[in-house]
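Asker:
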Amino acid sequence: MSISVGERVPDATLSEYIETATESCPLGPNNFQVADLVKGKKIAVFAVPGAFTPTCSEQHLPGFIAKADAFKAAGVDEIWCVAVNDPFVMGAWGKSLNVNGKVRLLADGSAIWTKALGLEFDLTSKGLGVRAKRFSALLEDGVVTQLNIDNDGGLHTTDADTLLKQVQS
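Under this note's numbering, the residues of the sequence shown are numbered 55 to 223, in order.
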């Protein structure tokens, strides 16, 4: 059973590869607790089955990068892209697509958060292991206020334009 609108997202640890060290975040992979990241924030989050995969790299992530300013103008504090990959892969993917801080690329390496959300996609039979279903959501102080799920792995209702329209309405 997947998470629903009106429910609080579960806590888990997500990792982000930090390219530029700061006082609070050293260079390299840094772990963050979802409960801490969502406190008092409006977050547009979307998940992809995998970094560097065709639809994810050519359409899904680029759509959110292109619409980042519009999301900010609509009151969204952060945009997250989550994938069941390691933080090194997510960091390299972000660099390859010139994300430049517009979207936080968060790794759920063992699919712990993805499974807690009930949004896992088992591709073990294809040699790809457990992945995240393609989804998008709006979180307000950790509560899901919008949720879109593409159960077949395609990009139909989880794109940036759809979520942005929901945020603006």
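Where a beta carbon is used, it is the ideal one built from N, C-alpha and C, also for glycine. Just so it is clear, the structure is predicted and the values come from calculations on it, not from any experiment.
Would you report the Cα separation of residue 49 and residue 188, rounded to the nearest angstrom?
Answerer: Absent from the model: residue 49. The displayed extent of the chain is 55 to 223, so no value can be given.
Asker: What residues match up with residue 70 in a beta bridge as DSSP calls it?
Answerer: Walking along the sequence shown from the start, residue 70 turns up at place 16. Paired residues: 84 and 160.
Asker: When you compare only the Cα positions, how much space is there between residue 149 and residue 117?
Answerer: Counted from its first residue, the sequence shown places residue 149 at position 95. Counted from its first residue, the sequence shown places residue 117 at position 63. Rounded to the nearest angstrom, the two C-alpha atoms are 16 Å apart.
Asker: Can you list, in chain order, the residues of its chain with a C-beta nearer than 6 Å to that of residue 92? Leave out the 5 residues immediately preceding and following it.
Answerer: Residue 92 sits at position 38 when you count from the first residue of the sequence shown. Hits under 6 Å: 193 and 196.
Asker: Should the segment 97-105 be regarded as contacting the segment 125-140, the criterion being three or more beta carbon pairs within less than 8 Å?
Answerer: Contact holds: three or more Cβ-Cβ distances are below 8 Å.
Asker: What span of residues does the beta strand (DSSP E) with residue 199 cover, start to end?
Answerer: By one-based count along the sequence shown, residue 199 stands at place 145. Taken as a continuous stretch (DSSP letters only), the beta strand (DSSP E) holding residue 199 covers 197-204.
Asker: Does the segment 173-191 come into contact with the segment 80-91, if we say contact requires no fewer than three beta-carbon pairs (one atom in each stretch) closer than 8 Å?
Answerer: The segment 173-191 vs the segment 80-91: no contact.
Asker: Express the C-alpha separation of residue 122 and residue 167 in angstroms, rounding to a whole number.
Answerer: Reading the sequence shown from its first residue, position 113 is the one you call residue 167. Reading the sequence shown from its first residue, position 68 is the one you call residue 122. C-alpha separation (whole angstroms): 24 Å.
Asker: By the 10 Å Cβ neighbour count, where 16 or more other Cβ atoms means buried, how is residue 78 classified, buried or exposed?
Answerer: Locating residue 78 in the sequence shown gives position 24, counting from the first residue. Under this definition residue 78 is an exposed residue.
Asker: Cα-Cα, which of 210, 110, 186 and 202 is closest to residue 221?
Answerer: Counting from 1 along the sequence shown, the entry for residue 221 is found at position 167. Taking only the C-alpha atoms, the option nearest residue 221 is 202.
Asker: Label residue 145 either buried or exposed according to how many other C-beta atoms from any shown protein chain fall within 10 Å of its C-beta, with 16 as the threshold for buried.
Answerer: Here the question's residue 145 lines up with position 91 in the sequence shown. By the neighbour-count rule (16 or more Cβ atoms within 10 Å), residue 145 is buried.
Asker: So if DSSP puts residue 174 in a beta bridge, which residue, or which two residues, is it bridged to?
Answerer: Sequence index remark: in the sequence shown, residue 174 carries index 120 (1-based). According to DSSP, residue 174 bridges with 186.
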